[in-house]
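Peer 1: The structure follows.
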Amino acid sequence: MSLGEALGLYLTRVWGHPVTVEHLSRIPGGASRETYGFDAVDPKGRRRLILRRDPPASLIDTDRRVEFLAYASFHPRGVPTPEPVILEEGSDALDRPFFIMTRIDDAAAASPFTLDPYGAHAHDLGRQFFSILGQIAAPDPASLPIAAAARAPDVGVCGLSELDHWERELDKDELHPTPLGRAAIRRLRRRPPPPPHKRSVVHGDYRSGNFLHDGQGRIVAILDWEMAHIGDPLEDLAWAMDPLWGHFDSDRVAGLLPEVQARAHWEQASGLKVDEEALDWWRLFSALKGLVIWVSAGKEFREGGGIDPVLAFSSLYCGRRHELIIAERLEAALEAAA
Amino acid sequence: MNPTGPEILNGAFLTLVSPPTPETEGVFSAGKAAVIGLLCVLAAQEMERGVKVRAEENAAMRALFARAAQEAWHPALGERLKGLAAGQDEDLALSALDAANAQLRRTLIDLQDHIERDPAPVSRGRERTILDLLRAGAEARSLDLHPLAAS
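In the order they appear, the protein sequences are chains E and Y. In terms of this note's numbering, the first sequence opens at residue 381 and continues consecutively. In terms of this note's numbering, the second sequence opens at residue 6 and continues consecutively.
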């Protein structure tokens with residue numbers, strides 16, 4: 381039975397009336413899950429949907445329940461996201477767990493490796509991008525559905541808890557020693573960040589390339605919440621401003637705005653102030669987290685038989701970019717201490 | 006561990022000869038082909054520089070270990086540092102260079118950890134020396150990716 385037929389049978393059972401699946405087509409990106417667009421057609425009409433299925437191997441090990449509940453947390457609050465529709469945690473229907481959400485057509489995401497992808501709309505998109513991030517940081521996470529599933533460290537250990545998480549990932553997946561990664565971990569552990577003013581939902585991969593825009597200067601969806609958790613909101617801000625996502629533009633963060641403007645929009649929308657010491661900690665952390673993700677990609681490329689080019693590209697190009705960024709940040713820290 | 010040039014090209018071959026399923030034809034396959042194209046650009050650089058970069062990084066670590074052993078940066082590591090410093094890369098296959106590199110890097114991590122924890126002022130200069138070595142290695146390994154035009 382084809383994937384489309386199996387999906388149609390599943391929806392027929394869940395919705396209680398005949399459903400056929402049309403135009404099932406895999407979409408590039410979303411490396412932690414297989415992503416497919418499809419139309420579900422039933423007597424009531426046609427629904428344009430996305431299937432996000434767990435892969436046999438993935439770039440990062442994530443919980444699809446957390447991602448689903450992230451959409452459920454922010455879609456009703458006016459944050460532009462797809463609407464979550466069904467979460468299926470069993471493997472009987474489609475061999476692996478999956479969830480379904482609404483599809484947003486006629487919109488595009490930029491590749492992180494394109495030059496000036498937003499053109500004349502960069503400023504408007506930048507204002508929205510960092511304001512939306514502030515909107516995500518603002519609410520009390522305990523009031524949101526995601527609190528039922530996301531990891532949520534105490535406020536005083538948000539940074540070290542994340543560091544523990546990514547160090548464990550590095551221990552698990554490191555096939556070749558990474559002195560810069562280990563040096564970053566030691567540096568971060570020796571000088572933990574001041575605790576955040578409050579805990580927030582952290583998207584976990586908030587960056588250029590993970591949002592859809594309509595080509596006319598409007599963000600229509602924030603995607604890829606698979607690494608969402610509760611923690612220090614500066615984690616997302618630092619990740620969003622990481623040089624890897626800068627589109628080769630050293631004057632603007634995320635290829636969108638000068639950093640000072642980005643931070644101002646974030647502060648206004650979140651009602652929070654950026655703590656410089658904490659942000660510096662999260663900047664180095666971001667480079668480390670990136671490096672660990674790319675180390676894991678290299679391992680999964682090998683274990684998967686070497687056939688996923690995205691994993692190879694991530695490991696090779698992104699991994700080396702983040703090693704260099706770590707070296708630069710460690711050097712700057714040493715100079716500042718001197 | 007980063008994939009080597011041969012691993013990338015073998016992977017590209019396997020990907021390209023695998024027929025797509027009905028769901029992966031079209032946009033997904035085109036996207037995959039584009040990534041393979043980018044990988045070929047990176048693999049070409051790895052083919053050109055891979056041996057040189059690894060051999061130079063290994064030589065730099067051995068030179069550092071010789072100095073560290075001589076100046077007793079980490080007395081407990083003295084014999085290990087001396088032994089590694091005396092080594093050389095006789096086999097220039099990427100796999101052999103990587104195996105030697107892994108052994109050297111593990112010792113470098115131990116040495117750097119010790120230096121960072123040592124409060125003696127002289128260790129700050131040594132910390133800087135190690136970081137310079139790591140920075141140079143990261144720069145040498147970095148790959149050029151010409152930015153793509155936005156579509």
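C-beta: ideal position from N, C-alpha, C; glycine also. Note that the structure is predicted; figures quoted are calculated from it, not measured.
Determine the DSSP secondary structure at HIS593 (chain E), reduced to helix, strand or coil.
Peer 2: Taking the first residue of the first sequence as position 1, residue 593 (chain E) is located at position 213. The answer is strand: DSSP assigns HIS593 (chain E) an E or B state.
Peer 1: If you reduce the DSSP assignment to three classes, tell me which class ALA488 (chain E) lands in.
Peer 2: By one-based count along the first sequence, residue 488 (chain E) stands at place 108. ALA488 (chain E) falls in the strand class under three-state DSSP.
Peer 1: Answer yes or no: does any C-beta atom of chain E fall closer than 7 Å to that of ILE13 (chain Y)?
Peer 2: Translated into positions along the second sequence, residue 13 (chain Y) becomes position 8. Cβ-Cβ to chain E under 7 Å: yes for ILE13 (chain Y).
Peer 1: Measuring straight from C-alpha to C-alpha, what distance separates ARG507 (chain E) and GLY36 (chain Y)?
Peer 2: In the first sequence, the residue the question calls residue 507 (chain E) occupies position 127. In the second sequence, the residue the question calls residue 36 (chain Y) occupies position 31. Taking the straight line from one Cα to the other gives about 29 Å.
Peer 1: Interface residues of chain Y around TYR416 (chain E) at Cβ under 8 Å?
Peer 2: Translated into the one-based positions of the first sequence, residue 416 (chain E) becomes position 36. Per Cβ cutoff of 8 Å: GLU28.
Peer 1: Between SER325 (chain E) and chain Y, is the shortest Cβ-Cβ distance under 7 Å, so that the two count as touching?
Peer 2: Given that chain E is displayed from residue 381 to residue 718, the structure contains no residue 325 (chain E) and the question cannot be resolved.
Peer 1: Using only the alpha-carbon positions, how far apart do ALA649 (chain E) and LEU614 (chain E) sit?
Peer 2: For the purposes of this step, residue 649 (chain E) is taken as the residue at position 269 of the first sequence. For the purposes of this step, residue 614 (chain E) is taken as the residue at position 234 of the first sequence. Cα to Cα, ALA649 (chain E) sits roughly 13 Å from LEU614 (chain E).
Peer 1: Taking the runs of the alpha helix (DSSP H) that are 4 residues or longer, which of them lie wholly in the region 469-538 of chain E?
Peer 2: Segments of the alpha helix (DSSP H) lying fully in the region 469-538 of chain E: 502-517.
Peer 1: Measuring only the C-alpha atoms, how far is SER147 (chain Y) from HIS593 (chain E)?
Peer 2: Here residue 147 (chain Y) refers to the residue found at position 142 of the second sequence. Here residue 593 (chain E) refers to the residue found at position 213 of the first sequence. Rounded to whole angstroms, SER147 (chain Y) to HIS593 (chain E) spans 31 Å at the Cα level.
Peer 1: Who does TYR416 (chain E) pair with in a DSSP beta bridge?
Peer 2: Counting from one through the first sequence, the residue named residue 416 (chain E) turns up at place 36. In DSSP, TYR416 (chain E) forms a bridge with E:ARG406, E:LEU431.
Peer 1: Which value, in whole angstroms, describes the spacing of the CA atoms of GLU76 (chain Y) and LEU82 (chain Y)?
Peer 2: As a first step, residue 76 (chain Y) is located in the second sequence; it is residue number 71 there, counting from the start. As a first step, residue 82 (chain Y) is located in the second sequence; it is residue number 77 there, counting from the start. In a straight line, the C-alpha of GLU76 (chain Y) is about 12 Å away from that of LEU82 (chain Y).
Peer 1: Look at the alpha carbon of ILE687 (chain E) and the alpha carbon of LEU44 (chain Y), and state the distance between them as a whole number of angstroms.
Peer 2: As a first step, residue 687 (chain E) is located in the first sequence; it is residue number 307 there, counting from the start. As a first step, residue 44 (chain Y) is located in the second sequence; it is residue number 39 there, counting from the start. Cα to Cα, the separation comes out at about 12 Å.
Peer 1: Using CA coordinates, which residue listed in E:LEU637, E:PRO572, E:LEU555 is at the minimum distance from LEU540 (chain E)?
Peer 2: Residue 540 (chain E) sits at position 160 when you count from the first residue of the first sequence. Minimum Cα distance to LEU540 (chain E) is reached at E:PRO572.
Peer 1: Show which residues of chain Y have a CB atom less than 8 Å away from the CB atom of LYS701 (chain E).
Peer 2: The residue labelled residue 701 (chain E) in the question sits at position 321 within the first sequence. Per the sequence shown, the amino acid found at residue 701 (chain E) is Arg instead of Lys. The answer, in chain order, is SER147.
Peer 1: How about LEU704 (chain E): is its C-beta nearer than 7 Å to some C-beta of chain Y?
Peer 2: Position 324 of the first sequence, counted from the first residue, corresponds to residue 704 (chain E). For LEU704 (chain E), the answer is yes, since a Cβ of chain Y falls inside 7 Å of its Cβ.
Peer 1: Any chance you could list the beta strand (DSSP E) runs of at least 3 consecutive residues sitting entirely within the region 571-654 of chain E, in chain order?
Peer 2: 580-582, 591-593, 599-602, 609-611
Peer 1: Is there a Cβ of chain E sitting closer than 7 Å to that of ILE114 (chain Y), yes or no?
Peer 2: Looking up residue 114 (chain Y) in the second sequence gives position 109. Chain E, which has a Cβ nearer than 7 Å to the Cβ of ILE114 (chain Y), makes this yes.
Peer 1: With respect to the alpha helix (DSSP H) encompassing SER453 (chain E), which residues constitute its N-terminal and C-terminal limits?
Peer 2: Counting from one through the first sequence, the residue named residue 453 (chain E) turns up at place 73. Where SER453 (chain E) is concerned, the enclosing alpha helix (DSSP H) stretches over 444-454.
Peer 1: Looking at chain E, is there any beta carbon in it that lies within less than 7 Å of the beta carbon of VAL40 (chain Y)?
Peer 2: In the second sequence, counting from the first residue as 1, residue 40 (chain Y) sits at position 35. Answer yes: the Cβ-Cβ gap between VAL40 (chain Y) and chain E drops below 7 Å somewhere.
Peer 1: Apart from the five residues just before and just after ARG140 (chain Y), which ones in its own chain have a Cβ nearer than 7 Å to its Cβ?
Peer 2: By one-based count along the second sequence, residue 140 (chain Y) stands at place 135. So the list is empty, once near-sequence residues are dropped.
Peer 1: For VAL535 (chain E), return the contacting residues in chain Y, with the cut-off set at a CB-CB distance below 8 Å.
Peer 2: As a first step, residue 535 (chain E) must be located in the first sequence, where it is residue number 155. Within chain Y, no residue comes near VAL535 (chain E); the closest Cβ sits about 28 Å away, beyond 8 Å.
Peer 1: Buried or exposed: where does ARG567 (chain E) fall if 16 or more other Cβ atoms within 10 Å of its Cβ makes it buried?
Peer 2: The sequence position of residue 567 (chain E) within the first sequence is 187, counting from 1. With 16 or more Cβ atoms within 10 Å of its Cβ, ARG567 (chain E) is classed as buried.
Peer 1: Distance cutoff 7 Å, beta carbons only. Does THR374 (chain E) sit that close to anything in chain Y?
Peer 2: Residue 374 (chain E) falls outside the range modelled here, since chain E spans only 381 to 718, and no answer is possible.
Peer 1: Taking 7 Å as the CB-CB limit, is PHE70 (chain Y) close to chain E?
Peer 2: Translated into positions along the second sequence, residue 70 (chain Y) becomes position 65. Cβ-Cβ to chain E under 7 Å: no for PHE70 (chain Y).
Peer 1: Can you list, in chain order, the residues of its chain with a C-beta nearer than 6 Å to that of ARG682 (chain E)? Leave out the 5 residues immediately preceding and following it.
Peer 2: Start at 1 with the first residue of the first sequence, and residue 682 (chain E) comes out as number 302. None.
Peer 1: From this set, E:LEU710, E:VAL399, E:VAL633, E:SER412, which residue's C-alpha is nearest SER694 (chain E)'s C-alpha?
Peer 2: In the first sequence, counting from the first residue as 1, residue 694 (chain E) sits at position 314. Considering only alpha carbons, the answer is E:SER412.
Peer 1: Closer than 7 Å, CB to CB, is PRO152 (chain Y) near chain E or not?
Peer 2: One-based indexing of the second sequence puts residue 152 (chain Y) at position 147. By this cut-off, PRO152 (chain Y) is an interface position.
Peer 1: Going by other Cβ atoms of all chains shown within 10 Å of its Cβ, with 16 needed for buried, is THR26 (chain Y) buried or exposed?
Peer 2: Here residue 26 (chain Y) refers to the residue found at position 21 when the second sequence is read from its first residue. Exposed is the call here.
Peer 1: Between ALA38 (chain Y) and ILE13 (chain Y), which are expected to be in contact by the criterion C-beta below 8 Å, what is the C-beta distance as a whole number of angstroms?
Peer 2: Here residue 38 (chain Y) refers to the residue found at position 33 of the second sequence. Here residue 13 (chain Y) refers to the residue found at position 8 of the second sequence. Cβ-Cβ separation between ALA38 (chain Y) and ILE13 (chain Y): approximately 14 Å, too far for a contact (criterion under 8 Å).
Peer 1: Under a CB-based cut-off of 7 Å, is LEU439 (chain E) close to chain Y?
Peer 2: In the first sequence, counting from the first residue as 1, residue 439 (chain E) sits at position 59. Below a pLDDT of 50, predicted positions are generally treated as unreliable, and LEU439 (chain E), at 46, falls in that range; the measurement from the model is reported next regardless. Closer than 7 Å: no.
Peer 1: Just to confirm my understanding: we take GLY388 (chain E), look at its own chain, exclude 5 residues before and 5 after, and list those with CB closer than 7 Å. What are they?
Peer 2: Position 8 of the first sequence holds residue 388 (chain E). Taken in chain order, the residues that qualify are VAL399, THR400, VAL401.
Peer 1: Quick check on the burial criterion: 16 or more other C-beta atoms within 10 angstroms. Buried or exposed for SER676 (chain E)?
Peer 2: Walking along the first sequence from the start, residue 676 (chain E) turns up at place 296. Per the 10 Å Cβ criterion, buried.
Peer 1: Taking 8 Å as the cut-off, does the region 569-583 of chain E touch the region 651-664 of chain E (at least 3 CB pairs, one atom from each stretch)?
Peer 2: yes
Peer 1: Mind listing the chain E neighbours of ARG110 (chain Y)? Cutoff is C-beta to C-beta under 7 Å, in chain order.
Peer 2: Taking the first residue of the second sequence as position 1, residue 110 (chain Y) is located at position 105. By Cβ distance, chain E contributes PRO557, PRO559.
Peer 1: Measure from the alpha carbon of VAL46 (chain Y) to the alpha carbon of each residue in E:ASP655, E:LEU710, E:TYR697, then state which is nearest.
Peer 2: The residue labelled residue 46 (chain Y) in the question sits at position 41 within the second sequence. Cα-wise, what sits closest to VAL46 (chain Y) is E:TYR697.
Peer 1: Judging by CA-CA distance, which residue of E:GLY684, E:GLY626, E:GLU656, E:GLU647 is the nearest neighbour of ILE705 (chain E)?
Peer 2: By one-based count along the first sequence, residue 705 (chain E) stands at place 325. For the residues E:GLY684, E:GLY626, E:GLU656, E:GLU647, the minimum Cα distance to ILE705 (chain E) belongs to E:GLY626.
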